[in-house]
Amino acid sequence: MLKKLTIVFFLILWPFLGLSAFITGPTVIKLPHDSLGVYKDDEERYLLFIYKVKNSYLEILRKSLRNETVYYRDLDTELAASYVVGEDEQGRVDIPFMVPGLYLCVLKSRYGVEDTVLVTITNLDFMVFIDERKIHLFAFNTRDGMPVKRAKVYL
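My numbering applies: residue 4 is where the sequence shown begins, and numbers increase by one.
Structure below.
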């Protein structure tokens, strides 16, 4: 009986043992202060594939707001970059990818896909001021702090 319980316990814990890696960072990365990263705490080698998503961000958002499922496999993508996270690297590993756009990041090991994240990389940010009866919204570039002219804001 004890042997059977030990085997069942081991089978339940098997997915949690061994490999441990995932993509870290916010889903909206504001350059140059935020960054994409991979956290790992094992001796395994991982590959991070970064795919440029050609679909419109608004199209994906509309589907999401209509409670439609957006499957990663249905996105129109193109490989933008790939990185190897080596066996000797531990903890958070920063990925030097700083090109604005919408990206699908896929982390793979020799056993399969470990993590998948949809990430927006941008160099824009917003400031809001409320003045008596008006709301003022300013878009600015995070790299130099200068205002962005003719910025389109969807509310």
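Don't be surprised by glycine CBs; every beta carbon is placed ideally from N, CA and C.
{"query": "Nearest residue (CA-CA) to T27, options H139, C108, R153, P103", "result": "C108"}
{"query": "When P35, G40, M101 are compared against D118, the one with the closest alpha-carbon", "result": "G40"}
{"query": "Unbroken beta strand (DSSP E) run spanning L39, endpoints", "result": "39-43"}
{"query": "Bridge partner(s) assigned by DSSP for P159", "result": "The structure shown does not extend to residue 159, since the chain is modelled only from 4 to 158, so the question has no answer here."}
{"query": "Between the CA atoms of Y86 and F129 - distance to the nearest angstrom", "result": "31 Å"}
{"query": "Pick from E62, K33, A24 that is closest to G148, judged by C-alpha positions", "result": "K33"}
{"query": "Identity of the residue in G104, V131, A84 nearest L110 by Cα", "result": "A84"}
{"query": "Exposed unless 16 or more other CB atoms sit within 10 angstroms - verdict on L82", "result": "exposed"}
{"query": "Pair within 7 Å by beta-carbon distance, T30 and V102", "result": "no"}
{"query": "Residue nearest to G94 in terms of C-alpha spacing, selected from K43, L127, G104", "result": "K43"}
{"query": "N- and C-terminal bounds of the alpha helix (DSSP H) containing Y60", "result": "60-68"}
{"query": "Pick from D79, K66, L51, F143 that is closest to L105, judged by C-alpha positions", "result": "D79"}
{"query": "Option in R76, L127, F100, G89 with minimal Cα separation from R113", "result": "G89"}
{"query": "Cβ shell of I133 (< 8 Å), same chain only, five flanking positions each side left out", "result": "H139"}
{"query": "Own chain partners of K66 with C-beta closer than 7 Å, once the 5 adjacent residues on each side are dropped", "result": "V73"}
{"query": "Backbone secondary structure at Y106 - three-state DSSP", "result": "strand"}
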